[in-house]
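Just so you know, we're using our numbering here: the sequence shown kicks off at -15 and counts up by one. The beta-carbon is built from N, C-alpha and C at its ideal position, and this holds for glycine as well. The model shown is predicted, which means the values in this text are computed figures rather than measured ones.
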Amino acid sequence: LFSEIKAAAPNAEVVFLGYPHLVIPGNSPGNCLAGGYISSSDRDWLNSAAAQIDTVIQGAAATAGVAYLSTNAMFTGHELCSTAPWFTGIGDPTTNDTPTGLWNFTQGAPGTDRQQWFHPNVTGYAQEASLLTSTLQVP
């Protein structure tokens, strides 16, 4: 796909953004979502999967001869469950929620809401845009 994009726009400066860690590290204090619905080991697994995706993106960009920009440093401290996340979470469960309550909440959410979960929020997208603008030669 990356090669096809470069071939379709041979004079364009093509840049692919990396895939950041989505949640605070497993060794971070506190729970991720009320009641710890994303356990420490699950947070580590999610971040490991994100790192693998990022490695694939970086390799594909290199193979296609296009630029790659890491977003890991930028999103560090702004993962889900941090005090200032730049991602859209599942919602705002309270400490009174149960796994069944969270399941009911997620199943009842509109599809457009579910599509945004685990993607950057408005601030996250603005930060990515700023990274691109500062990197590219924008006229």
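Remark: three or more beta-carbon pairs, one from each stretch, lie closer than 8 Å, so the segment 28 to 40 and the segment -8 to 12 are flagged as touching. Minimum Cα-Cα distance from Cys65 among the listed residues Val40, Thr47, Ala45, Arg27 corresponds to Arg27. In its chain, beyond the 5 residues on either side, Phe(-14), Ile(-11), Lys(-10), Val(-2), Val(-1), Phe0 have a beta carbon closer than 8 Å to the beta carbon of Val50. Here Leu53 is bridged, per DSSP, to Leu1. Phe71 is the residue among Ile41, Ser54, Phe71 whose C-alpha sits nearest the C-alpha of Trp101.
Minimum Cα-Cα distance from Ala46 among the listed residues Gly2, Gly73, Ala113, Ser118 corresponds to Gly2. With fewer than 16 other beta carbons inside 10 angstroms of its own, Thr119 counts as exposed. Between Gln111 and Met58, the gap from beta carbon to beta carbon is short of 8 Å. Rounded to the nearest whole angstrom, the C-alpha separation of Asn11 and Thr55 is 21 Å. Exposed is the label assigned to Ile37, since fewer than 16 other Cβ atoms lie within 10 Å of its Cβ. With respect to the C-alpha of His62, the residue from Thr117, Asn(-5), Thr107 having the closest C-alpha is Thr107.
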